[in-house]
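A.B. asks: Residue numbers (the numbering used here), protein chains in the order written: chain A, 243 to 449; chain B, 2 to 917.
For glycine and all other residues, C-beta sits at the position ideal for the given N, C-alpha and C.
I am attaching a structure below and will ask some questions about it afterwards.
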Amino acid sequence: MAHYGMLIDLNTCVGCAACAVACKIQNGTPAEMYWCKVIYDEEGTYPHAKKRVLPVSCQHCENAPCVRACPTGASHYDENRNVQIDYDRCIGCRNCMAACPYEARSCNWDDPATNTYFKGFEQTPFETAHASKHPRGVVEKCVLCRDRVSEGKRPACVQTCITESRYFGDLDDPDSTVSKKIRELGARPLLESYGTKPALYYAGLEE
Amino acid sequence: MGLKENSITRRGFVASAAAMAVAAAAGAHLGALPQEAWCEPASAAGKLDAKDGEYHGYCAMCMERGSCGNITTVKDGVVVSIEGDPARPSNKGTLCPRGKGAIMNMYNPYRIKAPMKRTNPEKGMDVDPGWVEITWDEAIGIAAEKLREVYDRDPRELVHFYGFSAYESSHATFGHGEWCLEFGSPNESSGKGQMCSVHYGACYTMRAFPTVNYDSQYTKYVVALGKGMGGDLGSANGDGRASARALKGGMKVVTVAPYCGMDASAGEWVPIIPGADLSFIYGLMHTMLFELDSFDKDFVSNRTNAPYLIDEDNGGDYLRNKDGKPLLVDADGTLKAFDDPTLANPQLEGEFSYEGKTYPTGFMLFKDALADFNADWASEQNGIPAERIRGIAQELCDNACFGQTIVIDGEEIPYRPSCLFIGRGVTNHTDGTLIDMNARLINILLGNVGYPGGVQGSNAPTYKPDADGVMEPFNEAAFPKSFSYPPTNMELKEFMPHRHSINSMMMRVMCDPEHYGFDYKPSLIFSSGCNPIISNTEPSIAIEAISKVPYVIYHACYHMDEMALMSDLLLPESAALEVTTVYKFPGIETSGTIKDDKDFLMNAPGIVMKHGVGELYNTREGNEILLDIFERADLIHVLNNVANKGGCIGVPKGMGMAKTPYELDPNTRYDMMDMWDRCMKAKTGGIGLEYFDDPSHAIYPILPYKNEAAYYSSNRDKKTRFSLYLMQQKKVGDWLIPKIKATGRDPFEFVGVDIDELRRRYTALPYYPSDDLRPTFNAPAEYDLRATTFKKPFFLFRMGSMDQNPITRDFSKKFDPEFNAVLMNSATARAKGLSHGEQVVVESQFGKTKGVLYVTERVEPSTVCIGGTTGRRSPQLGDDLMEDTFFNELLCGNVGYIDPIDGAFDSTARVKVYKG
Numbered sequence: 243m244a245h246y247g248m249l250i251d252l253n254t255c256v257g258c259a260a261c262a263v264a265c266k267i268q269n270g271t272p273a274e275m276y277w278c279k280v281i282y283d284e285e286g287t288y289p290h291a292k293k294r295v296l297p298v299s300c301q302h303c304e305n306a307p308c309v310r311a312c313p314t315g316a317s318h319y320d321e322n323r324n325v326q327i328d329y330d331r332c333i334g335c336r337n338c339m340a341a342c343p344y345e346a347r348s349c350n351w352d353d354p355a356t357n358t359y360f361k362g363f364e365q366t367p368f369e370t371a372h373a374s375k376h377p378r379g380v381v382e383k384c385v386l387c388r389d390r391v392s393e394g395k396r397p398a399c400v401q402t403c404i405t406e407s408r409y410f411g412d413l414d415d416p417d418s419t420v421s422k423k424i425r426e427l428g429a430r431p432l433l434e435s436y437g438t439k440p441a442l443y444y445a446g447l448e449e
Numbered sequence: 002m003g004l005k006e007n008s009i010t011r012r013g014f015v016a017s018a019a020a021m022a023v024a025a026a027a028g029a030h031l032g033a034l035p036q037e038a039w040c041e042p043a044s045a046a047g048k049l050d051a052k053d054g055e056y057h058g059y060c061a062m063c064m065e066r067g068s069c070g071n072i073t074t075v076k077d078g079v080v081v082s083i084e085g086d087p088a089r090p091s092n093k094g095t096l097c098p099r100g101k102g103a104i105m106n107m108y109n110p111y112r113i114k115a116p117m118k119r120t121n122p123e124k125g126m127d128v129d130p131g132w133v134e135i136t137w138d139e140a141i142g143i144a145a146e147k148l149r150e151v152y153d154r155d156p157r158e159l160v161h162f163y164g165f166s167a168y169e170s171s172h173a174t175f176g177h178g179e180w181c182l183e184f185g186s187p188n189e190s191s192g193k194g195q196m197c198s199v200h201y202g203a204c205y206t207m208r209a210f211p212t213v214n215y216d217s218q219y220t221k222y223v224v225a226l227g228k229g230m231g232g233d234l235g236s237a238n239g240d241g242r243a244s245a246r247a248l249k250g251g252m253k254v255v256t257v258a259p260y261c262g263m264d265a266s267a268g269e270w271v272p273i274i275p276g277a278d279l280s281f282i283y284g285l286m287h288t289m290l291f292e293l294d295s296f297d298k299d300f301v302s303n304r305t306n307a308p309y310l311i312d313e314d315n316g317g318d319y320l321r322n323k324d325g326k327p328l329l330v331d332a333d334g335t336l337k338a339f340d341d342p343t344l345a346n347p348q349l350e351g352e353f354s355y356e357g358k359t360y361p362t363g364f365m366l367f368k369d370a371l372a373d374f375n376a377d378w379a380s381e382q383n384g385i386p387a388e389r390i391r392g393i394a395q396e397l398c399d400n401a402c403f404g405q406t407i408v409i410d411g412e413e414i415p416y417r418p419s420c421l422f423i424g425r426g427v428t429n430h431t432d433g434t435l436i437d438m439n440a441r442l443i444n445i446l447l448g449n450v451g452y453p454g455g456v457q458g459s460n461a462p463t464y465k466p467d468a469d470g471v472m473e474p475f476n477e478a479a480f481p482k483s484f485s486y487p488p489t490n491m492e493l494k495e496f497m498p499h500r501h502s503i504n505s506m507m508m509r510v511m512c513d514p515e516h517y518g519f520d521y522k523p524s525l526i527f528s529s530g531c532n533p534i535i536s537n538t539e540p541s542i543a544i545e546a547i548s549k550v551p552y553v554i555y556h557a558c559y560h561m562d563e564m565a566l567m568s569d570l571l572l573p574e575s576a577a578l579e580v581t582t583v584y585k586f587p588g589i590e591t592s593g594t595i596k597d598d599k600d601f602l603m604n605a606p607g608i609v610m611k612h613g614v615g616e617l618y619n620t621r622e623g624n625e626i627l628l629d630i631f632e633r634a635d636l637i638h639v640l641n642n643v644a645n646k647g648g649c650i651g652v653p654k655g656m657g658m659a660k661t662p663y664e665l666d667p668n669t670r671y672d673m674m675d676m677w678d679r680c681m682k683a684k685t686g687g688i689g690l691e692y693f694d695d696p697s698h699a700i701y702p703i704l705p706y707k708n709e710a711a712y713y714s715s716n717r718d719k720k721t722r723f724s725l726y727l728m729q730q731k732k733v734g735d736w737l738i739p740k741i742k743a744t745g746r747d748p749f750e751f752v753g754v755d756i757d758e759l760r761r762r763y764t765a766l767p768y769y770p771s772d773d774l775r776p777t778f779n780a781p782a783e784y785d786l787r788a789t790t791f792k793k794p795f796f797l798f799r800m801g802s803m804d805q806n807p808i809t810r811d812f813s814k815k816f817d818p819e820f821n822a823v824l825m826n827s828a829t830a831r832a833k834g835l836s837h838g839e840q841v842v843v844e845s846q847f848g849k850t851k852g853v854l855y856v857t858e859r860v861e862p863s864t865v866c867i868g869g870t871t872g873r874r875s876p877q878l879g880d881d882l883m884e885d886t887f888f889n890e891l892l893c894g895n896v897g898y899i900d901p902i903d904g905a906f907d908s909t910a911r912v913k914v915y916k917g
């Protein structure tokens, strides 16, 4: 089976957060929950400063601390060696959240009746339509758009990227576009020294 | 490059997110009025009566309406997803965060869900209008009666605002004020346009509208001045893709700006004092001409009016022969008419005599005018080191590849991959037209205009020479047709014939028409999707002006915004996703090409169609509302005439149905779909809307060129000369100034400068106004800083109720430190004793706003920056919107604070900042 992974090219990412919003719309995640986020920062001193951005979501580690920390086996590797959560087995203990060095997980803690998109109003029909995918009391995170990928589509964040800064594909295939781009751009994972072996790679992390 | 890994450590991330959340919650505001009367949960409306499936359309969530194709998915009566349409050459399946927000816009509980009329005559932001829901039949009847009444009495009493909010009926189809003019009122005004006076120079130099682009395919070096390359805009339409591909291909971008965003970070950031841009431009040109002696001499000699001899004793007109033709001196020293077929290579400099008298060339006068503006002088004005100004001039020339050509489609074409690229950030100043025009002259000196690698007019414009062989300015730069006093138009267009919009002055005139010479007062406002109260300067003046008009119809309103609170009749438009509409997408704003993407080049602009999912509420498509009103008022010929003249797909220009088999009978009421179908057939010669039945037909391309070589306008037209000596600008002054004098009025009250200064502004040559005339450099000492703004991808143009989108608002609160923030340089903050994260007030002479101080290294030290179009006066749009930073509150749109030629207000304000 393919080992799905992703490359994010920070050399051209503009931090528009289309990826984060695409993720919300694709998955209809509960209010205030982001499987994909963008961290904004800057480096350098005036007048040589630069704005910096870093999109972060589940890194789909091959040596995932969250999987090891899960007491019930809810967090597991799927057939593509991507990390998934079986909501039926998740007890909401949040050990996995503490273990994840990427802050990629969220607990669906709030009451969907009150924690709505538009505060003070009922859920929109959009939220209601997606609600069954988000049982209360479990931990959630990026699923690497499993359903889309099984239909031959790219993950929503990859498809929507306005600067073509995201690449998705089979990391086991040296001829896949993502594999070739990782080599070409010298991309490497985030927090590589932690030994988590992520399936997400970043180009432009260092000078 | 790269982020340090520790920037995403758990502690660092959680701490920063929590800090922003607390700050945002601290000022939560609750509206004073009961919202229940009109505001109910979206779910109460039930489900859509729409079939499951995909609905192909175009995005309407930003000014670049129609630039992106989208596919909306409906399941069980609910819109469950929206994606970019892969079949559209512009966005190719991508969609930006605003476009994804269309679902939230549709399910926005704050929408106005039915027509309503006011029962409380008192108006104000904190006054309950006493809304009463009425039927569409009653609403149409009231609107028709009011329109007919004013039409019969005096059509000039109608004031029509149009804006972005409900684009289809307000900015397209019958928009851009066209129906108002046809109705008989000159008082149309773009309520959102004054912030974006970017058209004059493009219309003047290249007959390009709306603007001028860089060339992602070939440009190697760009100086971006007051303009982003696409990254900071965050659009899916191709701008972002174009800049990313060009950067990957080695393009270097030098961003000269007071704020360093993503575009500036992708290359070199050169901080500049906001409002001092003209000195930078002059410093560059001086360096090129006097120090480097480097410019495209062949282009300037043969493709511009620079070698034309100038008769200074004849008011600076061209020296003309007995046939009235301008004269030039050819390389061999002989005088020739500009169209002499033997003309080889006219001289730019020398001592030239004609009938015993010596004459300079336009180029010599141009160069003389720049003699004092060297880089050292420029540096004193704008804060950029003189050495760097000289360096940029050198790099522009070094990268211009003077003399080189490139072969495209078998044609050998001049290759000039170096340009200066400008935008709203520099044209919206009190000397904005001088900046606008002179910046474009740098590109003329570089010889890049309309050639590969250089600047391109939007949609590869077709040139047209005037009688002297020089580009005839068009559209907003066209020679004015008439002048009258008393003025005919409440924007005072007679006094500023090159205006884009002077809505801020119109508001002042509406407050006191008699003072400005009008013998009538407005009696009816008909706003189509336009909310000028927050889109321009000084909301209080707009509120006062609107309150003086007896009846206000808000057509194509969407939510209970400031304009709605000032209206008597609300005619709500449906959400963009709900209705089926047709539009002509004219091409994107920033890049004319995308590297290695011929599909984009050939198929990006054209006619597009949006298939709606049907209405959730008792709202209607805006054009159908208009048609009903005009039919009921027995005025349907007004709309039909507009459509026959200019068309009704997109901006009503250039798509007319008159004298085609599809011409409308003036007095017949057509359905909008029928009109769009006829208009498309008139344009295509018979292909109608059935074209879009095939989902793979995402666009019907309409292009003026047939291949890449022909895309380059200066390659298509190898003859028309560009203006280096701005003859028409001078001649408009010659024509206009005596007329203004003859009114006997103080010109300052109408254009903001005295007659002598106005004469200096309508100049053929570079001119630098005194600091006394530029409020950014002439403010009371206590206002020691300058406030300016920058684009934020989530909050642009005030379209699609963007600032209400709960996803992007919440995301911004959690993650974006620039949201609702006041950005200040760390050294400035230290000097003022201000700390990162504290609440501050930014106050100008005209208003104030507040925000969280964001201490940064990415702002020029004399500047504070506030990003995005946020800020509200209406308490009826959500609890926390009133707490948003509101940059426009700081600005002034009065005379003295606007450009005297195009009426742009200065988008930089002098301010003071203190804890608050």
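For Pro397(A), which of Leu442(A), Asp283(A) and Tyr288(A) has the nearest alpha-carbon?
C.D. replies: Closest by alpha carbon: Leu442(A).
A.B. asks: Would a C-beta distance cut-off of 8 Å place Ile630(B) and Leu182(B) closer than the cut-off?
C.D. replies: no
A.B. asks: Taking beta-carbon pairs under 8 Å, can you tell me which members of the stretch 249–270 of chain A lie near chain B?
C.D. replies: Leu252, Asn253, Thr254, Val256, Gly257, Cys258, Ala259, Ala260, Ala262, Val263, Ala264, Lys266, Ile267, Gln268 and Gly270
A.B. asks: For Gly379(A), go through chain B and note every residue whose CB falls closer than 7 Å to its CB, in chain order.
C.D. replies: What Gly379(A) touches in chain B: nothing, since even the nearest Cβ is about 21 Å away.
A.B. asks: Spell out whether any CB of chain B is found under 8 Å from the CB atom of Ala429(A).
C.D. replies: no
A.B. asks: Indicate whether the contact test is met: 3 or more Cβ pairs, each with one atom in the stretch 472–488 of chain B and one in the stretch 321–333 of chain B, closer than 8 Å.
C.D. replies: No, because fewer than three Cβ pairs between the stretch 472–488 of chain B and the stretch 321–333 of chain B fall closer than 8 Å, the two stretches do not touch.
A.B. asks: Of all Cβ atoms in chain B, is any one closer than 8 Å to the Cβ of Thr419(A)?
C.D. replies: no
A.B. asks: Exposed or buried, what is Gln405(B) when buried is set at 16 or more other beta-carbons lying within 10 Å of its beta-carbon?
C.D. replies: exposed
A.B. asks: Mind checking whether Ser236(B) and Glu65(B) have CB atoms under 8 Å apart?
C.D. replies: yes
A.B. asks: Enumerated in chain order, which unbroken segments of the beta strand (DSSP E) with a length of 3 residues or greater are wholly contained in the stretch 381–444 of chain B?
C.D. replies: 406–409, 412–415 and 419–423
A.B. asks: Excluding the five sequence neighbours on either side, which residues of its own chain have a C-beta within less than 7 Å of the C-beta of Asn429(B), listed in chain order?
C.D. replies: For Asn429(B), the CB contacts under 7 Å within the same chain, skipping 5 residues up- and downstream, are Met196, Ser198, Ala905, Phe906, Asp907 and Ser908 in chain order.
A.B. asks: If you reduce the DSSP assignment to three classes, tell me which class Gly607(B) lands in.
C.D. replies: strand
A.B. asks: Between Val81(B) and chain A, is any beta-carbon pair separated by less than 8 Å?
C.D. replies: yes
A.B. asks: Which residues, taken in chain order from the stretch 101–114 of chain B, show a beta carbon closer than 9 Å to some beta carbon of chain A?
C.D. replies: Lys101, Gly102, Ile104, Met105, Met107, Tyr108, Asn109, Pro110 and Tyr111
A.B. asks: Just how far apart, CA to CA, sit Leu704(B) and Arg389(B)?
C.D. replies: Spanning the two alpha carbons is a distance of roughly 41 Å.
A.B. asks: Run through DSSP, which three-state label would Ser528(B) get?
C.D. replies: strand
A.B. asks: Quick one: using the 10 Å Cβ neighbour count with 16 as the cut-off for buried, is Ala832(B) buried or exposed?
C.D. replies: exposed
A.B. asks: Fully enclosed by the stretch 744–818 of chain B, which beta strand (DSSP E) runs are 3 residues long or longer?
C.D. replies: 786–791
A.B. asks: So which residues of chain A does Ala237(B) contact, with C-beta pairs closer than 8 Å?
C.D. replies: Ala260, Thr402 and Ile404
A.B. asks: Can you give me the start and stop residues for the alpha helix (DSSP H) that Arg408(A) sits inside?
C.D. replies: The continuous stretches of alpha helix (DSSP H) do not include Arg408(A), which lies in the beta strand (DSSP E) extending over residues Arg408 to Asp412.
A.B. asks: Check whether the Cβ of Phe281(B) lies closer than 7 Å to any heavy atom of the ligand FAD, and answer yes or no.
C.D. replies: The ligand content of the structure shown is nil, which means the ligand FAD is not present either.
A.B. asks: What are the boundary residues of the beta strand (DSSP E) that Thr256(B) is part of?
C.D. replies: Lys253 to Val257
A.B. asks: Can you check whether the C-beta of Trp132(B) is within less than 8 Å of a C-beta belonging to chain A?
C.D. replies: no
A.B. asks: If we call anything under 8 Å between Cβ atoms a contact, is Phe300(B) one with Gly426(B)?
C.D. replies: no
A.B. asks: Provide the residue span of the beta strand (DSSP E) that contains Leu329(B), from first to last.
C.D. replies: Unbroken beta strand (DSSP E) run through Leu329(B): Leu328 to Val330.
A.B. asks: Note down, in chain order, each residue of its chain lying with its Cβ closer than 8 Å to the Cβ of Gly286(A), except the 5 sequence neighbours on either side.
C.D. replies: Lys292
A.B. asks: Considering only the alpha carbon of each residue, which of Asp678(B), Leu572(B) and Thr850(B) lies closest to Val912(B)?
C.D. replies: Looking only at Asp678(B), Leu572(B) and Thr850(B), the smallest Cα-Cα distance to Val912(B) is reached by Thr850(B).
A.B. asks: When you compare the CB positions of Thr438(A) and Asn305(A), do they come within less than 8 Å of one another, or not?
C.D. replies: yes
A.B. asks: Excluding the 5 residues flanking Gly588(B) on each side, which residues of the same chain have their C-beta closer than 7 Å to its C-beta?
C.D. replies: Ser459, Asn460, Ala605 and Pro606
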